[in-house]
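Encoded as structure tokens, the structure appears first; notes follow it.
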Amino acid sequence: MKKAVYLLSLFAFSVPAVAGGFAKLENLRAADFKIGPAVAVAVPVPATPAREDQVPQDLVFKFKNAANELQRLRNDLTWVRSDLDNLERTARRIIQTNSQDAFFQFDLRRMSSDMSRRFNDMQRVSYEVRNLLNIAQKAKQLNELARNMEWDAGDILREAWPGIQDAAQRLEWTIRSGKPEVIGYDAQWTAMDISRNSRQFTDQARYTYYDAQTLVTRTQP
Numbered sequence: 011m012k013k014a015v016y017l018l019s020l021f022a023f024s025v026p027a028v029a030g031g032f033a034k035l036e037n038l039r040a041a042d043f044k045i046g047p048a049v050a051v052a053v054p055v056p057a058t059p060a061r062e063d064q065v066p067q068d069l070v071f072k073f074k075n076a077a078n079e080l081q082r083l084r085n086d087l088t089w090v091r092s093d094l095d096n097l098e099r100t101a102r103r104i105i106q107t108n109s110q111d112a113f114f115q116f117d118l119r120r121m122s123s124d125m126s127r128r129f130n131d132m133q134r135v136s137y138e139v140r141n142l143l144n145i146a147q148k149a150k151q152l153n154e155l156a157r158n159m160e161w162d163a164g165d166i167l168r169e170a171w172p173g174i175q176d177a178a179q180r181l182e183w184t185i186r187s188g189k190p191e192v193i194g195y196d197a198q199w200t201a202m203d204i205s206r207n208s209r210q211f212t213d214q215a216r217y218t219y220y221d222a223q224t225l226v227t228r229t230q231p
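Below, the structure is given as structure tokens:
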């Protein structure tokens with residue numbers, strides 16, 4: 011009987027204690043996991059790249075035309091030095107053997123005509139590149155064309171000097187050392203024209219190369 015009373019009193023004491031423990035646990039859970047108001051997170055927006063101004067098509071055409079002309083001139087110089095060396099060897103043979111060569115006169119005049127044409131073309135392209143400096147704009151397309159001009163103008167200058175210019179000078183000296191009645195009465199004047207045109211061609215190529223370098227800077231975006 012005493013044992014039953016003891017168990018009843020123990021049960022009556024345990025129920026409130028357990029209930030209180032569960033209440034504290036609920037309060038703890040609510041406090042720990044209470045969700046606050048949503049906070050907006052700012053997402054960085056990538057900056058819009060600066061848009062290049064529209065390049066006029068007539069300006070693009072002028073750049074392309076100058077670039078194409080320089081490339082053509084560069085390709086035209088492939089065999090010039092070799093042809094000048096061949097003429098100089100032929101002139102030396104004529105002088106040593108004291109015998110005339112009708113084909114030599116023809117080849118010499120043709121070389122003079124070709125060098126005069128190349129000089130005129132180089133001078134014209136040089137003026138075109140110089141004029142582009144006054145109307146250039148900062149644009150990727152124009153800058154690429156300007157770099158092509160710089161590359162080709164540099165190749166032309168390296169081919170013209172000292173290679174072509176020295177070969178033309180040697181040709182002139184060799185012809186002037188021969189007898190006019192053997193080498194040809196007008197051969198000396200023709201050789202002088204070739205030498206002069208080669209020097210003038212080199213000067214124009216140098217001007218064009220420097221202007222093309224400046225053009226690259228002025229068109230750099």
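Just so we're aligned, residue 11 is where the sequence shown starts under the working numbering, counting upward by one. Cβ coordinates follow ideal geometry from the N, Cα and C atoms, glycine included.
Rounded straight-line distance, which links the Cα of residue j to that of residue i
i           : j           : result
residue 199 : residue 183 : 11 Å
residue 70  : residue 171 : 31 Å
residue 194 : residue 213 : 30 Å
residue 117 : residue 201 : 11 Å
residue 84  : residue 138 : 16 Å
residue 67  : residue 77  : 15 Å
residue 222 : residue 96  : 33 Å
residue 90  : residue 174 : 7 Å
residue 159 : residue 181 : 31 Å
residue 79  : residue 219 : 14 Å
residue 103 : residue 115 : 14 Å
residue 74  : residue 120 : 30 Å
residue 124 : residue 134 : 15 Å
Where residue i falls, given that 16 or more other Cβ within 10 Å makes a residue buried
i           : result
residue 196 : exposed
residue 153 : buried
residue 98  : buried
residue 92  : exposed
residue 60  : Legend: pLDDT at residue 60 = 49, less than 50; position of this residue unreliable, no value from coordinates given.
residue 42  : With a pLDDT of 49 at residue 42, under the threshold of 50, the modelled position of this residue cannot be trusted, and the question is left open.
residue 113 : exposed
residue 191 : exposed
residue 107 : exposed
residue 109 : exposed
residue 136 : buried
Cβ separation of residue i and residue j, assumed to be a contact under 8 Å, to the nearest whole Å
i           : j          : result
residue 142 : residue 72 : 6 Å
6 Å CB neighbourhood of residue i in its chain, flanking five on each side removed
i           : result
residue 101 : 184, 185
residue 122 : 200, 203, 204
residue 129 : 207, 210, 211
residue 87  : 169
Own chain residues within Cβ distance below 7 Å of residue i, not counting five before or after
i           : result
residue 146 : 152, 225, 228, 229
residue 215 : 132, 163, 166, 167, 170
residue 178 : 94, 204, 205, 208
Own chain residues within Cβ distance below 8 Å of residue i, not counting five before or after
i           : result
residue 126 : 203, 207
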